[in-house]
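Protein chains: 2
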Amino acid sequence: MPNIFTDLPAASAEEELTDLLSRPGLRIERIVSTGQASPPGFWYDQAHDEWVILLSGSAGLLIEGEAEMRLAPGDYVYLPAHTRHRVTWTNANGPTVWLAVHMGEEAKATVAATGP
Amino acid sequence: MPNIFTDLPAASAEEELTDLLSRPGLRIERIVSTGQASPPGFWYDQAHDEWVILLSGSAGLLIEGEAEMRLAPGDYVYLPAHTRHRVTWTNANGPTVWLAVHMGEEAKATVAATGP
Chain A
71 MPNIFTDLPA
81 ASAEEELTDL
91 LSRPGLRIER
101 IVSTGQASPP
111 GFWYDQAHDE
121 WVILLSGSAG
131 LLIEGEAEMR
141 LAPGDYVYLP
151 AHTRHRVTWT
161 NANGPTVWLA
171 VHMGEEAKAT
181 VAATGP
Chain B
71 MPNIFTDLPA
81 ASAEEELTDL
91 LSRPGLRIER
101 IVSTGQASPP
111 GFWYDQAHDE
121 WVILLSGSAG
131 LLIEGEAEMR
141 LAPGDYVYLP
151 AHTRHRVTWT
161 NANGPTVWLA
171 VHMGEEAKAT
181 VAATGP
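Line by line, the protein sequences give chains A and B.
Residues 71 to 186 (this note's numbering) make up the first sequence, in order.
Residues 71 to 186 (this note's numbering) make up the second sequence, in order.
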């Protein structure tokens, strides 16, 4: 049986994104961060709704115009579409595991073959 | 910020089901068990798909025709519609917290007002 806390990337690795389940209109994703944060000045501004829970580690989450939040295991947040947000920090000493549920997301763009 | 591990029911309580997010076609639910199991001979046989992860505690899950599984924190299972399954036991000494994502579920029945 799969376990969300196993097969974690090495500490030196990039943030790792893994789809645990993906179907039209719904995607359940594991995100593993090890010290990464959103690039300076970068804001997520998604066209779809997201529900996310932090399962291990810790992180800072900033929603534009609100006070920065410190997330501990079990903390969850609903981010409606176009809620501008950024991850200000994640624990650098071990993996921070998030579970994200993406709702009503548009299918990933595919290269359309258009005729002349 | 809400936390999935807080406001847990008393150990003596019934299994507690709480919708964390509910919208057409998607429901994210917290389930807290404290020793409960499915009634003898009872099988869940849902008309919708479910993805479930155990977040604290431990439980036994039996899918009809398969070997019984022992779930520990982080273990997750996808249960397509009509996968007959039952919870054989949950830890009696503390709360077992599950996070279930119900997909494509029919809206709960409402009493229809029908004319004569």
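C-beta atoms are modelled at their ideal positions from N, C-alpha and C, and glycine is treated no differently.
| query | Between W159 of chain A and the ligand GTP, is the CB less than 7 Å from at least one heavy atom? | reply | Inclusion of the ligand GTP in the displayed structure is not the case, the ligand content being empty and no account of it being possible.
| query | In chain A, which residues lie with their C-beta within 7 Å of the C-beta of F75 of chain B? | reply | G144
| task | Return the chain-ordered list of same chain residues with a C-beta closer than 7 Å to the C-beta of S92 of chain B, the five sequence neighbours on each side being excluded. | result | none
| field | Where the segment 154-168 of chain B meets chain A: residues whose CB sits under 7 Å from a CB there | value | none
| field | Same chain, Cβ closer than 6 Å to S103 of chain A, five either side skipped, listed in chain order | value | E85, T160, T166
| query | So, using beta-carbon positions, are S126 of chain A and L141 of chain A closer together than 8 Å? | reply | no
| Rounded C-beta distance between A170 of chain B and E134 of chain B? I'm assuming under 8 Å. | Between E134 of chain B and A170 of chain B the Cβ distance is about 19 Å, and since that is not below 8 Å, they are no contact.
| request: To the nearest angstrom, report how far apart L149 of chain A and D145 of chain B are at their CA atoms. | output: 25 Å
| Contacts of G127 of chain B in chain A (Cβ-Cβ under 8 Å) | Result: empty, since nearest Cβ-Cβ is about 13 Å, beyond 8 Å.
| message | Below 7 Å on C-beta distance, what does I133 of chain A contact in chain B? | response | Those do not exist, as I133 of chain A stays about 11 Å from chain B at its closest Cβ, beyond 7 Å.
| said: For a minimum of 3 consecutive residues, which ranges assigned as the beta strand (DSSP E) are wholly contained in the segment 100-133 of chain B? | reply: 119-126, 129-133
| said: Assuming contact is defined by CB atoms lying nearer than 8 Å, are A151 of chain A and H118 of chain A in contact in what I supplied? | reply: yes
| task | Using a threshold of 8 Å, state whether the C-beta atoms of T205 of chain A and A107 of chain A are closer than that. | result | With chain A covering only 71 through 186, there is no way to say anything about residue 205 of chain A.
| From H155 of chain B to R156 of chain A, what does the alpha carbon distance come to, in whole angstroms? | 40 Å
| Could you check where the beta strand (DSSP E) with H152 of chain B kicks off and where it finishes? | No beta strand (DSSP E) holds H152 of chain B; DSSP gives it neither H nor E.
| How would you write the range of the beta strand (DSSP E) that T76 of chain B sits in, first residue to last? | Run containing T76 of chain B: none; DSSP gives neither H nor E here.
| query | T95 of chain B to E176 of chain B, Cα distance in whole Å? | reply | Inspection of the sequence shows that residue 95 of chain B is occupied by Gly rather than by Thr. Distance between the alpha carbons of G95 of chain B and E176 of chain B: 7 Å.
| T166 of chain A - partner residues in DSSP beta bridges | A:S103
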